[in-house]
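Per the numbering used here, the sequence shown starts with residue 93, numbered consecutively.
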Amino acid sequence: MLDTQVFGKIAGINAGKYAKRAKKSKKLNLKHVENYINELKKAKIKEERRAPLLLPDYREKNVLSRAIDIL
Numbered sequence: 093m094l095d096t097q098v099f100g101k102i103a104g105i106n107a108g109k110y111a112k113r114a115k116k117s118k119k120l121n122l123k124h125v126e127n128y129i130n131e132l133k134k135a136k137i138k139e140e141r142r143a144p145l146l147l148p149d150y151r152e153k154n155v156l157s158r159a160i161d162i163l
């Protein structure tokens, strides 16, 4: 869905086709996350960010000043 919203209809259609023919893993796990965290610890990098930044914040100060804090 993100492909459609960010990159357009054609990208979304192609992403859907790719997802249908992609090889599916028999067993789902989060081992890649554990490996990533271990690599951070080995490199002595602090775990500060919780998720990757997908899109930077392009809003200007005047727009942010009108924002409603709902959380």
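Just so you know, even glycine gets a beta-carbon here, dropped at the ideal spot from N, CA and C.
Remember, predicted model here, so these are calculated numbers, not experimental data.
For residue i, collect the residues of the same chain with a Cβ closer than 8 Å to its Cβ; drop the 5 residues on either side in sequence, then sort them by chain order.
i       : result
Asn-154 : none
Would you mind giving the Cβ-Cβ distance between residue i and residue j, rounded to the nearest angstrom? I have them listed as a contact below 8 Å.
i       : j       : result
Glu-139 : Ile-129 : 7 Å
Quick one: give me the first and last residue of the alpha helix (DSSP H) that residue i is part of.
i       : result
Ser-117 : Taken as a continuous stretch (DSSP letters only), Ser-117 belongs to no alpha helix (DSSP H), as it is neither H nor E.
Ile-129 : 123-134
Leu-156 : 153-157
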